[in-house]
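Single-structure report; data block below.
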Amino acid sequence: MSSVAHLPQDPLPIGPRPAPRALGGHLTAWLRANLFASIPSSIMTLLLLFLLGKACIGLWQWGIANAVWIVSGNDSSACRALRGVGACWAVVPEKYRFILFGTYPFSEQWRPALAVVIFIALFAVSSRRSFWRKELFLLWAAALIMIGCLMWGGFLGLSFVTQDRWGGLPVTLILATFGLAFGFPLGILVALGRRSKLPAIRSLCVLYVELIRGVPLISLLFMASVMFPLFMPDGVNIDKLLRAQIAFILYAGAYLAEVVRGGLQAVPRGQYEAGDALGLSYWQKHALIVLPQAIRHVIPPLVNTFIAFFKDTSLVLIIGIFDLLTTAKTAIVDPAWQSFSVEVYVFVGVIYFVFCFAMSRYSRSLEAQRGTN
Amino acid sequence: MTTSTPKRPPARPWRLSLSDPRVAGLFWQILVVGIAVAIVAFLWSNAIHNLSVRRISTGFAFLGREAGMPIADSWIDYTPKDTYLRAFIVGIVNTLRVAVIGIVLATVIGTLVGIARLSSNWLLARLAAVYVEVLRDLPLLLQLLFWYVLMQGLPAARQAWKPVEGVYLSNRGLILPSVPLHEANWWTILALVAGLIVFTFVRRRLIAQQMLDGKARPAWPYALGLVVALPALVSFLSGASWSIALPELRGFNFVGGLTLAPEYFALLIALVTYTSAFIAEIVRSGIQAVPRGQSDAAKALGLKRSFVLQHIVLPQALRVIIPPMTSQYLNLTKNSSLAVAVGYQDIVSVANTTLNQTGQAIESIALIMMVFLTISLGISLFMNWYNARIALVER
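Protein sequence lines correspond, in order, to chains S and V. The first sequence maps to residues 1 to 373 in this note's numbering. The second sequence maps to residues 374 to 768 in this note's numbering.
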């Protein structure tokens, strides 16, 4: 009895906790969580908003409010009057044909334009997973031959245009795409060679890859433009664009070899052994079993490498080949438009950005897909 | 019970057929090496022939001749009357100058932007993402030309922008205040470096002792003595003066202070911003690679915040960060060769001028390659050493 009296009263049941205090509506809650979560965060937000606002107002005034959009007949006086105050976008409509296609004959410029369209279509088709089949190689070969025919001409009433008149965006795309198309098989061979059990072949491949990757691309381009003629027998004269293209292929081969090697290392040993057990030869084993798996593994880094090439083609400016950046730089040599290089660089930058951004988005979506698989 | 030793199959006799893997291996190696040697020999014989036709003598004898090439921006004494060898050395110093400072700045900015991308502040994270995306998707050469054009569009020296006292930005470049370094200052700097080295060893020893008995030994008295007091004492004894020299406008140019020429400044900005975008991504993925449980566990153990970052999160993140960071450092060094596009005289630019003046194409390009291979090897060795030092020690 008494023991019961010692017991405390029935403990009060713990009532439900009060609902968390609402931070406010949807928008206010978001603002408080993401922009004003703490005092330092709020200070940072206000500071950034201030700077961003200032930058936006400045850019708006220069780039839009005070800008000159169009002038008549190559007359840049309106632009020069506003120099430093407003942008002169009029230089773009004035010069875009030269920037995009260089010195290609003006009336024939639909041909490089069509070539650019074919390039973009080729990339678009290649990016579809359902097209990753053997036929894609044939498609690439057909497209590249078609581009060559369009650019050179010399048949069906198309006039012949020599390479030294090519320029602008098609040249950038040609250097990058042909560099990839030829560098990729080379890279596969070198990657296989680097993993080969034969010491002489392995060391040759290591030497090639490390030598190319150890030096700047510019020195390879100098080699192609200055040294290459020294190494050719008398009377053999290879065009400058082709020499630069060869340098790009060798450069691409070394970098792609390292990417492919990463993929080869990711293929489990059992796959090789299964190939051996089936009695396949070395080439059969690699072509049918190992490489298809290895390359699928490395498609995102391959796209990233391709983005890097696309940007690196701009280096041919230094050896005087008319790619997109060189034509842009040449367009503003014209005394009337000399002081508006920023506008031209912005225009060219947008073109480069669109290509690279699309590719990097694509590479990221591939990685995301692989993550969910 | 007999111990059965695994029996090695008897060596098969060689068959002179490609179906014997050993013969096939030998055959392919001889074939590939033979083709490579043949190509090199063909190119070499052509080169010898062409050089003799053009009357260009091979060899590095030209390095002793007078260069006659002006180099505006140099840290070591140089006049056009000096030899090609000296011009090359100036070029190498200029390359290293942009590469080393660029690597340091790109690492700092890249790390900050990488951390900013993970910030809980939405605006900061977005801005950092835009920074990375825009800079990564534009060619470096375009960015370099853009900065250079902006640099040229700056006001003349007389109307220079003056954001802070002693700092001027004009079309002559960036002019900063400097501290003139006399012999006494160098002794002080030497003392500081020596103090730092000794302190590193002392600290390591203190930690080793703490490992034995678990007692914490503060390192700060040693730091105070070796890194602060010792250099201060040397500075006092040697009578070093640390007066700051402010640049002054005289005539059309600045006198005194440290001048970063527009070419150098544009190259540095372009290299640093471009590379920092890549480094930011590396740092971000490195931090994200450390599982959250690691820092939660450390906090649960009652460790201090700074200790958690320094001893738990950072060492693990660094293991992921270091290898790709190494290749970014190598890229920055190789990309510094774009200097030739804006006329900053680095090794590539000097070699290019030499090549045009003397026609020694093979030697000039061989020198470029040698310099870059050496620098690349140096960075790789250092980073591999560092990587091995921080690597996970497994049983």
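From the three backbone atoms N, C-alpha and C, an ideal C-beta is built for every residue, glycine too.
Beta-bridge partners of V/Asn626 (DSSP): V/Arg623. Rounded to the nearest angstrom, the Cβ distance from V/Thr699 to V/Ser753 is 7 Å, consistent with a contact under 8 Å. Taking V/Tyr647 as reference, the option from V/Asn419, V/Ile482, V/Ala414, V/Val410 with the minimal CA-CA separation is V/Ile482. Using a CB distance cut-off of 8 Å, V/Gln402 counts as an interface residue toward chain S.
CA-to-CA, the gap between S/Ala247 and S/Ala224 works out to about 6 Å.
S/Arg194 sits close to S/Val206, with the two beta carbons spaced by under 8 Å. Per DSSP, the unbroken alpha helix (DSSP H) holding V/Leu687 starts and ends at 687-708. Distance check between V/Leu746 and each of V/Gln730, V/Asn704, V/Gln733 places V/Asn704 closest, using alpha-carbon atoms only. By the neighbour-count criterion, in which a residue is buried when 16 or more other Cβ atoms sit within 10 angstroms of its Cβ, V/Leu606 is exposed. Contact between V/Leu631 and V/Ser551 holds, since their C-beta atoms are separated by about 4 Å, short of 8 Å.
Looking at the backbone, the Cα of V/Leu750 and that of V/Pro696 are separated by about 14 Å.
Interface criterion met: the Cβ of V/Trp495 is under 8 Å from a Cβ in chain S. Around S/Cys356, the beta-carbon contacts reaching into chain V at under 8 Å are Arg509, Asp510, Leu511. As DSSP reads the structure, V/Trp534 sits in a beta bridge with V/Leu542. For V/Met698, the nearest beta carbon of chain S is not closer than 8 Å to its own beta carbon.
Residue environment analysis places S/His286 among the buried positions, since at least 16 neighbouring C-beta atoms fall within 10 angstroms of its C-beta.
Residue-level contact by beta carbon fails for V/Val466 and chain S, as no gap is shorter than 8 Å. Within the segment 317-350 of chain S, the complete alpha helix (DSSP H) segments of 4 residues or longer fall at 324-331, listed in chain order. Restricting attention to V/Leu391, V/His422, V/Leu563, V/Tyr457, the CA atom closest to the CA of S/Gly235 is found in V/His422. The closest CA to that of V/Leu682, considering only V/Ser668, V/Val693, V/Gly675, V/Arg692, is found on V/Ser668. By the Cβ rule, the segment 295-312 of chain S counts as touching the segment 167-180 of chain S, because three or more pairs are nearer than 8 Å. Contacts between S/Ser341 and chain V, judged by CB atoms closer than 7 Å, involve Val522 in chain order. For V/Thr632, the secondary structure class from DSSP, reduced to helix, strand or coil, is strand.
Look at V/Ala420: its C-beta is under 8 Å from a C-beta on chain S.
V/Ile548 sits in a strand when the DSSP states are folded into three classes. Within the segment 739-750 of chain V, the residues whose Cβ lies closer than 8 Å to some Cβ of chain S are Ile741, Met742, Phe745, Leu746, Ser749, Leu750, listed in chain order.
Cβ-Cβ distances below 7 Å link V/Leu497 to Ala489 in the same chain, with the five nearest sequence neighbours on each side left out; the list follows chain order. For V/Leu565, the closest alpha carbon among the candidates V/Ser608, V/Thr727, V/Val507, V/Trp593 is that of V/Ser608. Around the C-beta of S/Ala121, fewer than 16 other C-beta atoms lie within 10 Å, and the residue is accordingly described as exposed. One alpha carbon belongs to S/Val342, the other to V/Glu636, and they sit about 17 Å apart. The bridge partners DSSP lists for V/Thr456 are V/Glu439. When the beta-carbon positions are compared, S/Ala191 and S/Val267 stay at least 8 Å from each other. Residue pairing by DSSP places S/Gly167 opposite no residue, since no beta bridge is assigned to it. The way I'd put it, the segment 519-533 of chain V doesn't touch the segment 361-369 of chain S; fewer than three beta-carbon pairs between them come closer than 8 Å. With a 10 Å radius around the Cβ and a threshold of 16 neighbouring Cβ atoms, V/Met743 comes out exposed.
Shown here, S/Val85 sits in coil according to DSSP, grouped into three states, outside any helix or strand.
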